[in-house]
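> Residue numbering for the sequence shown follows our numbering, starting at 31 and increasing by one per position.
Heads up, the beta-carbon is just placed ideally off N, CA and C, and yes, glycines get one too.
Small disclaimer: the values here were computed from a predicted structure and weren't measured.
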Amino acid sequence: MNRFLSKYLFAYILLFVSGFSYSADITMPTCEDAIWISGSIVKGDALRLKEAIRRHQEIYKTRCNSSQFVLKDQYSISLNSKGGDVDEAIEMGRLIKESELGVFVSIPSTCYSSCVFLLASGVARVAFGSIGIHRPYFGDMDEKLTMIQIRQKREIMTTKIKRFLEEMDVNVSLAEDMIAIPPNEIKILSSDELKRYRLEGDDANYEEKQIAKEAKRWGLTSREYRIRDDKSNSVCKTIPITSTIPGETVSRKMIDSTCMWSILLNISREEVENRFKKLRDVCLQLVQPSKQLCMDRILREGR
Numbered sequence: 031m032n033r034f035l036s037k038y039l040f041a042y043i044l045l046f047v048s049g050f051s052y053s054a055d056i057t058m059p060t061c062e063d064a065i066w067i068s069g070s071i072v073k074g075d076a077l078r079l080k081e082a083i084r085r086h087q088e089i090y091k092t093r094c095n096s097s098q099f100v101l102k103d104q105y106s107i108s109l110n111s112k113g114g115d116v117d118e119a120i121e122m123g124r125l126i127k128e129s130e131l132g133v134f135v136s137i138p139s140t141c142y143s144s145c146v147f148l149l150a151s152g153v154a155r156v157a158f159g160s161i162g163i164h165r166p167y168f169g170d171m172d173e174k175l176t177m178i179q180i181r182q183k184r185e186i187m188t189t190k191i192k193r194f195l196e197e198m199d200v201n202v203s204l205a206e207d208m209i210a211i212p213p214n215e216i217k218i219l220s221s222d223e224l225k226r227y228r229l230e231g232d233d234a235n236y237e238e239k240q241i242a243k244e245a246k247r248w249g250l251t252s253r254e255y256r257i258r259d260d261k262s263n264s265v266c267k268t269i270p271i272t273s274t275i276p277g278e279t280v281s282r283k284m285i286d287s288t289c290m291w292s293i294l295l296n297i298s299r300e301e302v303e304n305r306f307k308k309l310r311d312v313c314l315q316l317v318q319p320s321k322q323l324c325m326d327r328i329l330r331e332g333r
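1. So, Ser143 versus Gly159, is the Cβ gap smaller than 7 Å?
2. Below 8 Å, how does it come out for the stretch 172-188 and the stretch 227-241: are there three or more Cβ pairs, yes or no?
3. Going by Cα to Cα distance, which pick from Pro212, Thr288 and Ser106 is closest to Ser151?
4. Would the stretch 73-82 count as touching the stretch 121-129 if we require 3 or more Cβ pairs under 8 Å?
5. Using beta carbons (cut-off 7 Å, strictly below), is Lys80 in contact with chain C?
6. In three-state terms, what does DSSP make of Trp66?
7. Using beta-carbon positions only, say whether His164 and Glu223 come within less than 7 Å of one another.
8. CA-CA distance, Lys217 and Lys261?
9. Determine the closest residue to Ser203 out of Ile137, Pro213 and Lys192, with distance taken between C-alpha atoms.
10. By Cβ distance below 7 Å, which residues in the same chain neighbour Pro212 in space, the five residues on each side in sequence not counted?
11. So Leu309 and Leu329 are supposed to be a Cβ contact under 8 Å. How far apart are they, rounded?
12. Starting from the C-beta of Ala157, find all residues in its chain whose C-beta is less than 6 Å away, skip the five residues before and the five after it, and write them out in chain order.
13. When we look at the beta-carbon of Val265 and count the other beta-carbons within 10 Å, is it buried (16 or more) or exposed?
14. If you reduce the DSSP assignment to three classes, tell me which class Thr188 lands in.
15. What residues in its chain sit with their C-beta under 7 Å from that of Lys73, if we drop five residues either side in the sequence?
16. Using three-state DSSP, classify Ala210 as helix, strand or coil.
17. Could you check where the beta strand (DSSP E) with Ile126 kicks off and where it finishes?
18. Sorted by chain position, which residues of the same chain lie with C-beta nearer than 6 Å to Leu5's C-beta, five sequence neighbours on each side aside?
19. Here's the rule I'm using: 16 or more other beta-carbon atoms within 10 Å means buried, otherwise exposed. How should Ile257 be labelled?
20. Which whole-angstrom value describes the C-beta separation of Gly132 and Ala154, a residue pair presumed to lie in contact below a C-beta threshold of 8 Å?
21. When the Cα atoms are used, what is the spatial distance from Ser298 to Thr288?
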């Protein structure tokens, strides 16, 4: 599994619902890793989401990071909605993309109709729950309009949806396939269809940005980082669960982590374990962001 998608999966495992609820069912926990969006999407939800994102960012900076072992610079959006207002969903999606947030749909949650536009906007998209599409429709259509006028309105909506999907780097064929499903029906997307539409996995542009960021962090080019990351993914699972330090008990997770850092930093596993030990002795009593800077320095330089 990709390292960026894994981060949001880890967030999903840790979450529980608590915090402040808005009338549109946008729930913001305190120091948890997600903003929860559930229920129907209605006018005004984009403004409420914008405020929830702003408040959550403030909480992370002022209250959450100081107590974390790893500095958190990212959280995600959890969805459980059967859709609603298309224009509002598109505006919310642009907010999510602008904020570079991951989006996930957990089991047994659902994401139907215009909710799919929120899923499409995530920089990482995790879909464990049920994802469904159908043709968008107008909630309040004037009966006096001619069929030609109605067709024109539908064409405008379809063009808007296609433009949005292009912005989100999602397969635009999703719009045409939506139109083929009557509004009173729901087509549940298979895993293969989610991948084909790019509604599951990482946004390619965001992945490039994160690779460049991590490569710079460790003094590598993006190409060098990818080569070492790929090598660690293929090599580390084959290493037996034994420590290079006599008498120390280790786990599979610890071995994988030690192996990964050994390949990434181009040092021995024994040196990685020594740096981990020094990191625990020196950095844990610090608060963020000093803790993260201390950890990075010791991992990178050994001092």
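Based on what the coordinates show:
1. By 1-based counting over the sequence shown, the position of residue 143 is 113. By 1-based counting over the sequence shown, the position of residue 159 is 129. In this structure, Gly159 does not lie closer than 7 Å to Ser143 by Cβ.
2. no
3. As a working mapping, residue 151 is identified with position 121 in the sequence shown. If we check each option's Cα against that of Ser151, Ser106 comes out closest.
4. yes
5. No chain C is part of this structure, which consists of one protein chain only.
6. The count along the sequence shown starts at 1 and reaches residue 66 at position 36. Of the three classes helix, strand and coil, the one that applies to Trp66 here is strand, per DSSP.
7. On the sequence shown, position 134 is the one that residue 164 refers to. On the sequence shown, position 193 is the one that residue 223 refers to. Not closer than 7 Å, so no.
8. Within the sequence shown, the letter at position 187 stands for residue 217. Within the sequence shown, the letter at position 231 stands for residue 261. Straight-line Cα distance between these residues: approximately 40 Å.
9. Counted from its first residue, the sequence shown places residue 203 at position 173. Looking at the Cα atoms, Lys192 is the closest of the given residues.
10. By one-based count along the sequence shown, residue 212 stands at place 182. Excluding sequence neighbours, Pro212 sits near His164 and Arg165.
11. Within the sequence shown, the letter at position 279 stands for residue 309. Within the sequence shown, the letter at position 299 stands for residue 329. Leu309 to Leu329, Cβ: 7 Å. Contact.
12. Translated into the one-based positions of the sequence shown, residue 157 becomes position 127. Counting only Cβ-Cβ distances below 6 Å, and skipping sequence neighbours, we find Val135, Leu224 and Glu230.
13. Counted from its first residue, the sequence shown places residue 265 at position 235. Exposed: under 16 other Cβ atoms inside 10 Å.
14. One-based indexing of the sequence shown puts residue 188 at position 158. Helix.
15. To locate residue 73, count along the sequence shown from 1; it is residue 43. For Lys73, where only same-chain residues beyond five positions count, the Cβ hits under 7 Å are Asp115 and Glu118.
16. For the purposes of this step, residue 210 is taken as the residue at position 180 of the sequence shown. Three-state result, Ala210: coil.
17. Against the sequence shown, residue 126 aligns to sequence position 96. Taken as a continuous stretch (DSSP letters only), Ile126 belongs to no beta strand (DSSP E), being part of the alpha helix (DSSP H) at Val116 to Glu128.
18. What is shown of the chain runs 31 to 333, which leaves residue 5 out entirely.
19. If you number the sequence shown from 1, residue 257 lands on position 227. The residue in question, Ile257, is exposed, as its Cβ has fewer than 16 Cβ neighbours within 10 Å.
20. Residue 132 sits at position 102 when you count from the first residue of the sequence shown. Residue 154 sits at position 124 when you count from the first residue of the sequence shown. Sure, about 4 Å apart at Cβ, within 8 Å.
21. Here the question's residue 298 lines up with position 268 in the sequence shown. Here the question's residue 288 lines up with position 258 in the sequence shown. C-alpha separation (whole angstroms): 9 Å.
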